[in-house]
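Structure first, commentary second.
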Amino acid sequence: MIHLTAWRQDLRSQNKARHSFGNTSTISAPASGLQSDLTRRINKKIHMNTRRYLILLATVFALLAPVRSSLHAQVLAPTGGIDVPDGTRKCIKPKERASKPIDLFIPLTCLEAVVNVSATAGNQAESFVNVNPSNTNNIVATSNDPGTPSIFRAYSTDAGATWTRGTIATGVACCDGQAAWDAFGNLFLVYINNNVDQINVILSTDGGVTFSAPVTAGTGSIDQPSIAVGNGSVWVDWNQNGSMVARGAPVTGLGTWGPFNAQQAIPSATGSFGGIAVGPGPNGGKVIVTYQNPTGGQGPATIFANVDADGLGPGGFGPSITVS
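Pasting the structure below:
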């Protein structure tokens with residue numbers, strides 16, 4: 007700012023001098039040669055000063071430009087699967103967070119070792135990572151299993167240093183697995199049972215080691231379920247015949263939950279790629295469902311939301327709200 011102010015003051019004084027010498031009403035005709043020479047010299051000085059200040063500004067801006075971050079890589083979920091080669095592993099940064107547009111992921115130096123959680127062949131997709139809020143050393147990672155109709159599951163009890171791997175819903179789970187951990191220590195997981203076209207929910211009360219028998223939340227033409235927990239409730243939403251629907255169930259303690267309430271149609275909720283969240287409020291918390299329409303092609307698409315202000319109460323979801 008000091009340099010910018012000095013530059014403006016210098017230019018004002020030079021322009022003032024230039025205007026004074028250029029006023030022909032105060033300079034007689036014999037002095038026209040002197041006037042022309044002074045004008046040229048003033049113009050040259052202005053040009054040189056301008057160039058010098060522009061170079062200075064360019065240097066300052068270059069020094070202030072953001073540099074590439076060396077922070078920890080962020081865990082993103084869901085993902086489409088990222089192939090990290092064996093050997094020396096590096097953190098990865100998605101191109102949406104890169105400092106300039108690129109077509110590939112940018113390798114970054116990790117502050118900690120990157121662990122191959124799945125340690126299996128093939129591409130794991132639709133992955134999620136969940137941390138136990140009552141024991142942050144307990145982490146559970148899930149994804150589609152590339153070899154069989156199952157959900158791949160790995161759990162850690164030492165903050166991700168080591169993992170125990172296996173599958174759940176083995177032989178029946180198609181895809182779209184998603185999990186949520188509540189304050190009681192319940193880990194709920196939803197997936198599509200491809201054998202019978204069902205939305206199934208299973209529960210772990212021991213940190214992801216074992217899971218209960220499935221509870222059916224929806225049947226028929228179903229797709230893309232999501233799950234969320236609140237203060238005393240668990241909710242699932244999904245696409246049913248092209249429109250969004252949802253169901254909730256009360257949760258009163260570790261392993262104590264259900265049954266689901268009646269399936270709720272969501273007004274004007276034609277769309278898909280939904281999501282659900284539970285916030286503070288009565289009857290297990292206020293619920294919001296989001297989705298987009300249209301669902302195909304390259305867009306543009308509109309994101310909508312509907313709110314159930316009384317949670318598990320009888321009020322149901324309100325009208326759709328345009329988000330973006």
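Quick note: the sequence shown, position 62, residue 68 per the numbering used here, numbers continuous.
Where is the CB? At the ideal position from N, CA and C, for every residue including glycine.
Given ILE198 as reference, the closest of ILE145, VAL295, GLY183 and VAL235 once Cα atoms are compared: Numbered from its first residue, the sequence shown carries residue 198 at position 192. Ranking the options by Cα distance to ILE198, first place goes to GLY183.
Where GLY285 falls, given that 16 or more other Cβ within 10 Å makes a residue buried: In the sequence shown, residue 285 corresponds to position 279, counting from 1. Exposed.
Touch test, the region 268-275 against the region 231-241, Cβ-Cβ under 8 Å, three pairs minimum: The region 268-275 vs the region 231-241: no contact.
Terminal residues of the beta strand (DSSP E) in which ASP243 lies: Translated into the one-based positions of the sequence shown, residue 243 becomes position 237. 239-246 is the extent of the beta strand (DSSP E) around ASP243.
Contained beta strand (DSSP E) runs [length at least 3] in the region 236-302, N- to C-terminal order: When DSSP assignments are scanned along the region 236-302, the uninterrupted stretches of beta strand (DSSP E) that are 3 or more residues long and fall wholly within it turn out to be 239-246, 249-259, 270-276, 278-285 and 292-299.
Contact under 8 Å by Cβ, THR148 with GLY213: Counted from its first residue, the sequence shown places residue 148 at position 142. Counted from its first residue, the sequence shown places residue 213 at position 207. Against a cut-off of 8 Å, the Cβ pair of GLY213 and THR148 comes out as no contact.
For VAL207 and VAL221, the rounded distance between their alpha carbons: As a first step, residue 221 is located in the sequence shown; it is residue number 215 there, counting from the start. As a first step, residue 207 is located in the sequence shown; it is residue number 201 there, counting from the start. For VAL221 and VAL207, the distance between alpha carbons rounds to 5 Å.
Residue closest to GLY321, alpha-carbon to alpha-carbon, out of ILE272, ILE282 and VAL178: Locating residue 321 in the sequence shown gives position 315, where the first residue counts as 1. Of ILE272, ILE282 and VAL178, the residue nearest in Cα terms is ILE272.
Element boundaries [beta strand (DSSP E), containing ALA147]: The sequence position of residue 147 within the sequence shown is 141, counting from 1. Membership of ALA147 in the beta strand (DSSP E) is indicated by the continuous run 145-150.
Length of the line joining the Cα atoms of ALA307 and TYR297: Against the sequence shown, residue 307 aligns to sequence position 301. Against the sequence shown, residue 297 aligns to sequence position 291. Distance between the alpha carbons of ALA307 and TYR297 is about 10 Å.
Neighbourhood of PHE134 by C-beta distance below 8 Å, restricted to the same chain and skipping five residues each side: On the sequence shown, residue 134 is found 128 positions in, with the first residue counted as 1. For PHE134, the CB contacts under 8 Å within the same chain, skipping 5 residues up- and downstream, are ALA83, PRO84, ALA147, THR148, SER149, GLY183, GLN184 and ALA185 in chain order.
Among GLY128, VAL178, LEU195 and GLY191, nearest to ASN143 - alpha-carbon criterion: Reading the sequence shown from its first residue, position 137 is the one you call residue 143. The residue with the shortest Cα to Cα distance from ASN143 is GLY191.
CA-to-CA distance, LEU193 to TRP263, given in whole angstroms: The count along the sequence shown starts at 1 and reaches residue 263 at position 257. The count along the sequence shown starts at 1 and reaches residue 193 at position 187. Spanning the two alpha carbons is a distance of roughly 12 Å.
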